[in-house]
Amino acid sequence: MAHPDPDRLTLLALGDGGPDTAETAHLGTCPACRSDYDSLRTIAGLGREVAAELSLPPVADDVWHRIAAETGQDPAGSPRAGVSAGQDPVGSPRGSVSAGRDAAGSSRPSVSAGQDPAGSSWVGVSAGQDAAGSARATVHALPHRGRRTPARRLFRYAAAVVAAALVAVAWVVTASGGDPGRVVAEAPLSRQPAAPAGAGGQVQVVDDGSGTVRLKVRLTGMPAAEGLYEVWLYDGVNTMIPLGVTAGADLEVAVPPGLSLSRFPVIDVSAQALGQQEHGTSMLRGSVRA
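Sequence positions in the sequence shown follow our numbering and run 143 to 432.
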């Protein structure tokens with residue numbers, strides 16, 4: 143079949159139904175489409191987590207002054223954190239975020255996303271000085287196939303905002319000397335019948351003291367995922383809440399505000415087919431008491 147329309151891949155990654163038989167077969171044989179789809183799924187997963195991250199309290203002014211004193215910056219510069227979308231000097235659409243001090247030459251991290259002159263979509267991260275010598279690392283570039291559409295442009299800006307929020311929050315926590323959190327509970331993740339021998343894992347419940355609870359999930363002996371692995375909260379009866387996805391690496395996810403681990407004490411790691419929204423096949427499972 144022909145390559146799926148970019149907007150179709152975006153909708154599938156956002157959970158608007160699942161791929162049909164032909165699309166599933168194509169994603170299994172076309173590295174370019176599979177790479178685009180996996181990247182879009184990753185961004186969608188970040189979006190699920192960012193709500194809890196944005197609930198972190200603002201950083202007090204005295205913290206910024208201490209940072210300025212330790213790094214040799216002018217404490218008179220006003221701290222800021224911002225997100226913007228516009229055009230770069232060559233006219234390419236972009237979205238960006240910065241967090242730091244707005245004095246000239248001040249040190250700050252930033253994230254941007256958009257298109258380069260060749261027409262490739264990208265998300266980039268930079269950290270360091272604003273002037274020459276700024277360190278820059280590209281997270282990924284998605285070659286642009288087919289026509290540009292409003293939906294695709296909108297998704298690029300949404301991706302920029304999601305990535306921006308995550309990096310800005312990470313900068314605030316690091317800059318303020320944020321406590322990595324206190325482990326309040328942990329439990330082993332036991333192999334389920336569908337998992338191979340030797341598979342297992344560990345989950346830790348971390349409380350950062352500000353009301354945000356996170357799960358640190360470690361996987362061991364798990365085979366490479368044919369699709370993705372997804373972490374769920376389960377009440378042990380009939381309700382499951384998805385938290386985040388991984389291709390097999392360790393994962394840290396936020397528990398959404400309002401959800402109690404006393405009501406959803408079971409942590410389930412399932413194998414999911416690409417585009418599958420309902421719970422797949424349980425691979426690991428454990429219970430925590432926080």
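We put the beta carbon where it would ideally sit given N, CA and C, even for glycine.
Exposure label - residue i; buried when at least 16 CB within 10 Å
| i | result |
| --- | --- |
| Gly187 | buried |
| Thr213 | exposed |
| Arg427 | buried |
| Ala413 | buried |
| Asp392 | exposed |
| Ala396 | buried |
| Glu368 | exposed |
| Val379 | exposed |
| Met143 | exposed |
| Pro399 | exposed |
| Gly386 | buried |
| Arg356 | buried |
| Glu165 | buried |
Where residue i sits in the DSSP three-state scheme
| i | result |
| --- | --- |
| Leu331 | strand |
| Arg176 | helix |
| Ala144 | coil |
| Asp204 | helix |
| Gly342 | strand |
| Asp149 | helix |
| Thr381 | coil |
For residue i: DSSP bridge partner residues
| i | result |
| --- | --- |
| Glu394 | Lys358 |
| Thr388 | Tyr371 |
| Gly428 | Ile409 |
| Thr171 | None, per the DSSP bridge assignment. |
| Arg324 | Asp349 |
| Thr213 | Partner(s): none; Thr213 has no beta bridge. |
| Gln414 | Leu370 |
| Thr423 | Ala413 |
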